[in-house]
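Visitor: Right, I'll just put the structure down here and ask away after.
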Amino acid sequence: MSATSSTIVNLPDQTTATLPKRNYINAEDGMLSWLLTGDHKRIAILYLISITFFFFIGGAFAGLIRLELLTPQPDLVASDTYNKLFSMHGIVMIFLFLVPSVPATIGNFVLPIMIGAKDLAFPKINLLSWYLYWIGGLFTLAALVLGGVDTGWTFTTPLSTHYLNTHVVTAGLGVFIIGFSSIFTGLNFIVTIHRMRAPGMTWFRLPLFVWSNYAASILMVLGTPVLAITLVLVVLERTIGIGVFDPTKGGDPLLFQHLFWFYSHPAVYIMILPGMGVISEVISTFSRKRVFGYTAVAFSSVAIALFAFFVWAHHMFIMGVSNYSALVFSLLTMLVAVPSAIKVFNWSFTMQKGSVTFETPMLYAFGFLGLFTIGGMTGVFLGSLGMDIHLTETYFIVAHFHFVMVGGMLMAFLAGIHFWWPKMTGRMYPESLSKLAAVTTFIGFNLTFLPQFVLGYLGMPRRYHAYPPEFQVLNVLSTAGATVLGVGYLLPLLYLGWSLKYGAIAGNNPWQATGLEWQIQSPPLTENFIETPVVDYEAYDYEWLANKTQNEVTTVG
Amino acid sequence: MHISPVLWQFLMKWLTSSALFPREASTIAPQTDALYFFLLLITVIGLVLVGGLVFGFAIRYRQEKSPVAEQIEGSTLLEATWTIIPLALFLICFVWGALLYFRIYNPPTNAMNIYIVGKQWMWKAEHPGGQHEINALHVPMGQPIQLTMISQDVFHSFSIPDFRVKREVIPGRYSTVWFNATTPGTYHIFCTQYCGTKHSGMIGEVTVLTPDDYKKWTENSTSGMSLAQNGERLFASMGCNACHSGSAAARGPNLAGVFGSKLQLTNGSEVLVNDAYLRDAILNPSQHVTAGFAPIMPTYQGQISEEGLIDLVEYIKTLQTNYRVQQTLTTSESNQAAPITPGVVKP
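As structure tokens, then:
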């Protein structure tokens, strides 16, 4: 599977090529220069290392969970250990990996360059948000080391406030602090996109990655404070018993559900929207075409962000909310599925009459399209009221959100990392291994989570440590798939690490892409652009790119 | 969507006998399954369509075949098509799902009521005739059964997959679900809301019996006291009848016939007296003072268990005339056990 004629990779002559003498990586020396940096690219790398660390911690928990579920008996770990495993898996993966993944790493790195800015609007706040991420992360790790927490990632009251003896406060505090990291990143993006676009970079010349991060940032800024308030209330209820959620004190246990999901449903879109941005960039680049219906794709991001705030109660259809409010929330949930469908069709049609090549990021993007379509359609099952009654709280839910979050988001993240890796490091990764990883991930993923849809319809509840024996066959399949999936995740870690030292020199624009980030050197200078660029062409204008290259050739000749 | 009944039956037989599909054991189950198959169908169509487009375009327009891309801005007509068709499909799912939801969550008026109390980590069922069961539930087939459920501690969720019903069991409030079982047999009861250490051990079994077998079961497992009789006893022992004596000079309102009626409160509002209201009025009396009475009733929060509250509510439900109150008063004053009263078991 080496590079064939179908490749568009345009690498410089490897015998003479070297990395640029001056770039953001070697601009300053020493650990301290990294820890005190204001450079958005260096902060992105700090984030990348951090979230990779937490991803593999969360992944290890997932592995243990799947191993335990290999047999119906509770034989590998005890019940409360199992509960702590899935709780920490959820907390780490959602708050420490999925939420910051694309915005804080890829977004931090390329978003300012894409709009022609030298940095984000608030470089110091950007660094602060990384420190907050780690302080929150350390609290979470502390909760883990001290003995764990077994609330599930949802911190549901009154279980979390009255019935558990674990480190709920420590973990809650951790999530609270990480929340501020996400608010700061969102604020930084919004201000940067509004104020720091290069001359000529109008709103409708923005790459779609910028649009989708803009929409996600709005969600972060408006939604995360509600999570913070909710967690403060949980901590107060637990420590001094204020009685907001406790029915014996006149509190309302359903209030917690409302508050929590008011953040946590939009959080799903905080996670997936930036991933959708990556997919737009990748599919456009490897089809050598402007994204089909640019405006529709841009506005569908905004539409998703808006609708996201009005669907939270679909998590509560079986909790005795009034039938009529269930109707309204079900209808709104159906509406939020429409912009997602629009995007999928627009992405497909982007390839029509294009000139399509199959680089690794494109393979991941194809994987994304398939898995996200399944994830999205099964969301319609759950939005449909009567169906939701049977499916909710079973493995169907587990499969559904893993398809969206892991199948969709993680595939998009890996597509993005592979896509911008040459820009970040100046080097390429081994082509055949990376394609193998993409295929392995896709196969492993389907083998892991497709059986769980069936398990869910059969009625196997989620968060079960032991289960009736008739569910075993499907669980064994799922665990086998998880093993394959694990290999799919370890491969990139290995070959990307290898490529840092031994990878081929990538050059400025290996993919022949149009974005501003591809018009500067790889890895970029600390100040990104020597001169502020003037944008006089539309996003994804491949004709402009072709002319530009021709002109350059003419000049040299 | 119309499927021929023969084909449908064949399909159902094949599916229900396979391990990939749960049994259909309630009147709701086939209806849920019909919607499931519709959703599955549009998912498969959607997936084939997207897969076809992606692979079709990717292969047809790969670089060897199509070295130069033709730039296309978009197409309003196409985009309108793939906005409107999914929207229409999703709206069908919405309406169909909503109809089913109302059917699942609105019990028929002739349903037989059984109480369920969820606690860490067991299901406790209380039949109107006073039969108690733990992690088990016996029901007759062919009759609508309504479960009135409450949790004593944390959120639980009561799920019978083979009946396709599930409802959250919430601390502090009654929730209800109903079903009409069609096939005798035993089926899983799961707790599907994570509720702490032994969450996965909170499993029970519902046994569907023929009406005759159910009658036998009721007779064999009776404790001799119905819920209402237990409630009557509790009513007397808690001293409730000191105030709620039913006489004109009593300090508390007459409870005869109060269930199901509209009650005028001192704050001017009018409430419908149902299970939830009665429970709340016992636990938070100061918030529910009946017009014409002083707010002197103490709270019984923490003094009565959920089972006790269920008994009291069942007792108050049976007080249709003043005669029963007087009788209770007399028996409690004469310090004798209440006589067994026929007809207190709700049908």
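Residue numbers (this note's numbering), protein chains in the order written: chain A, 1 to 557; chain B, 1001 to 1347.
Here a beta-carbon is modelled for each residue, glycine too, at the ideal position from N, C-alpha and C.
Since the structure is predicted, the reported quantities are computational estimates derived from the model, not experimental observations.
Using only CA atoms, which one of Leu233/A, Val291/A, Val311/A lies nearest to alanine 267/A?
Guide: Answer by Cα proximity: Val311/A.
Visitor: Do leucine 363/A and valine 439/A have their CB atoms nearer than 8 angstroms?
Guide: Closer than 8 angstroms, so yes.
Visitor: Could you tell me whether the region 1191–1202 of chain B touches the region 1111–1124 of chain B, using the rule of 3 or more Cβ pairs below 8 angstroms?
Guide: Counting Cβ pairs under 8 angstroms, three or more are found: they touch.
Visitor: For glycine 200/A, which residues from the same chain have a beta carbon less than 7 angstroms from its beta carbon, with the 5 sequence-adjacent residues on both sides left out?
Guide: If we look at glycine 200/A and ignore the five residues flanking it on each side, its Cβ neighbours are Val534, Val535, Asp536.
Visitor: Kindly confirm or deny that the region 201–211 of chain A and the region 276–290 of chain A touch, where touching means at least three C-beta pairs closer than 8 angstroms.
Guide: Judged by Cβ distances under 8 angstroms, the region 201–211 of chain A makes contact with the region 276–290 of chain A, as three or more pairs qualify.
Visitor: Note down the Cα distance separating phenylalanine 329/A from leucine 335/A, rounded to an integer number of angstroms.
Guide: For phenylalanine 329/A and leucine 335/A, the distance between alpha carbons rounds to 10 angstroms.
Visitor: Are at least three pairs of beta-carbons, each pair with one atom in the region 449–456 of chain A and one in the region 391–399 of chain A, less than 8 angstroms apart?
Guide: Yes: the two stretches touch, three or more of their Cβ pairs being nearer than 8 angstroms.
Visitor: Any chance you could list the alpha helix (DSSP H) runs of at least 4 consecutive residues sitting entirely within the region 362–407 of chain A, in chain order?
Guide: Segments of the alpha helix (DSSP H) lying fully in the region 362–407 of chain A: 385–391, 395–402.
Visitor: Asparagine 23/A to aspartate 29/A, Cα distance in whole Å?
Guide: The straight-line gap from Cα to Cα measures roughly 12 angstroms.
Visitor: I want to see whether chain B comes within less than 8 angstroms of glycine 152/A, judged by CB atoms only; does it?
Guide: Yes, because at least one Cβ of chain B sits closer than 8 angstroms to the Cβ of glycine 152/A.
Visitor: When the distance is taken between beta carbons, is alanine 1058/B closer than 8 angstroms to valine 234/A?
Guide: No, Cβ-Cβ distance for valine 234/A and alanine 1058/B is not below 8 angstroms.
Visitor: Tryptophan 518/A: which of Lys501/A, Trp498/A, Ser499/A, Ala539/A sits nearest, CA to CA?
Guide: Checking every option, the nearest Cα to that of tryptophan 518/A belongs to Ala539/A.
Visitor: Would you check if the region 1126–1134 of chain B and the region 1152–1169 of chain B touch, i.e. whether three or more CB-CB distances between them fall below 8 angstroms?
Guide: Taking 8 angstroms as the limit for Cβ pairs, the verdict is that the region 1126–1134 of chain B does not touch the region 1152–1169 of chain B.
Visitor: Let me know the secondary structure DSSP gives lysine 84/A once reduced to three states.
Guide: If DSSP states are grouped into helix, strand and coil, lysine 84/A belongs with the helices.
Visitor: According to DSSP, is proline 266/A helix, strand or coil?
Guide: Here proline 266/A sits in helix by DSSP.
Visitor: Compute the distance between the beta-carbons of isoleucine 1104/B and valine 1169/B, then report whether it is under 8 angstroms.
Guide: Against a cut-off of 8 angstroms, the Cβ pair of valine 1169/B and isoleucine 1104/B comes out as no contact.
Visitor: Determine, using beta carbons only, whether tyrosine 1061/B and glutamine 512/A come nearer to each other than 8 angstroms.
Guide: Not in contact: tyrosine 1061/B and glutamine 512/A (Cβ atoms no closer than 8 angstroms).
Visitor: For serine 1026/B, which residues in chain A fall below 9 angstroms Cβ to Cβ?
Guide: By Cβ distance, chain A contributes nothing, its closest Cβ being about 11 angstroms from serine 1026/B, past 9 angstroms.
Visitor: For isoleucine 505/A, name the three-state secondary structure that DSSP assigns.
Guide: If DSSP states are grouped into helix, strand and coil, isoleucine 505/A belongs with the strands.
Visitor: Between asparagine 1113/B and chain A, is any beta-carbon pair separated by less than 8 angstroms?
Guide: Closer than 8 angstroms: no.
Visitor: DSSP on methionine 1112/B, reduced to helix/strand/coil?
Guide: Here methionine 1112/B sits in strand by DSSP.
Visitor: Are alanine 1181/B and serine 1026/B closer than 8 angstroms when you measure CB to CB?
Guide: Against a cut-off of 8 angstroms, the Cβ pair of serine 1026/B and alanine 1181/B comes out as a contact.
Visitor: Please look up how many angstroms separate the CB atoms of glutamate 1232/B and tyrosine 1315/B, rounded, as I've assumed it's under 8 angstroms.
Guide: At roughly 5 angstroms, the Cβ-Cβ gap stays under 8 angstroms, so glutamate 1232/B and tyrosine 1315/B are in contact.
Visitor: Please name the residue, chosen from Asn1220/B, Gly1142/B, Pro1171/B, that lies closest to glycine 250/A on a Cα-to-Cα basis.
Guide: Considering only alpha carbons, the answer is Pro1171/B.
Visitor: Going by DSSP, what residue range makes up the beta strand (DSSP E) through tryptophan 312/A?
Guide: That residue, tryptophan 312/A, is in no beta strand (DSSP E); it is neither H nor E in DSSP.
Visitor: In the structure shown, what three-state DSSP assignment does alanine 1058/B receive?
Guide: Helix, per DSSP.
Visitor: Taking three-plus beta-carbon pairs below 8 angstroms as touching, is the region 145–163 of chain A in contact with the region 239–256 of chain A?
Guide: The region 145–163 of chain A is in contact with the region 239–256 of chain A.
Visitor: So, with DSSP's three-state summary, where would you put valine 1344/B?
Guide: Unreliable positioning characterises valine 1344/B in this predicted model, as indicated by a pLDDT of 44, which lies under 50. The coordinate reading is nonetheless provided below. Coil at valine 1344/B, not helix or strand.
Visitor: Pop quiz: phenylalanine 403/A and glycine 426/A are said to be a contact at Cβ under 8 angstroms. What is the actual Cβ separation, rounded to whole angstroms?
Guide: Not a contact, Cβ separation roughly 35 angstroms.
Visitor: Please confirm whether tryptophan 1082/B has its beta-carbon closer than 8 angstroms to some beta-carbon of chain A.
Guide: Yes, because at least one Cβ of chain A sits closer than 8 angstroms to the Cβ of tryptophan 1082/B.
Visitor: Please report the distance separating the alpha-carbon of glutamine 521/A from that of histidine 1199/B.
Guide: Using only the alpha carbons, I get a separation of about 56 angstroms.
Visitor: Ignore the nearest five residues each way along the sequence and tell me which others in leucine 11/A's own chain have a CB closer than 8 angstroms to its CB.
Guide: Within the same chain, leucine 11/A has close Cβ partners Ala17, Met428, Ala504, Ile505, Ala506, Gly507, Pro510.
Visitor: So the beta strand (DSSP E) tyrosine 1187/B belongs to, where does it begin and stop?
Guide: Element bounds for tyrosine 1187/B: 1185–1191.
Visitor: Which residues, taken in chain order from the region 285–299 of chain A, show a beta carbon closer than 8 angstroms to some beta carbon of chain B?
Guide: Cβ contacts with chain B: Ser287, Arg288, Lys289, Arg290, Phe292, Gly293, Tyr294, Thr295, Ala296.
Visitor: By the DSSP assignment, the alpha helix (DSSP H) with lysine 423/A in it spans what residues?
Guide: Its alpha helix (DSSP H) spans residues 411–425.
Visitor: Going by other Cβ atoms of all chains shown within 10 Å of its Cβ, with 16 needed for buried, is lysine 21/A buried or exposed?
Guide: Lysine 21/A comes out exposed.
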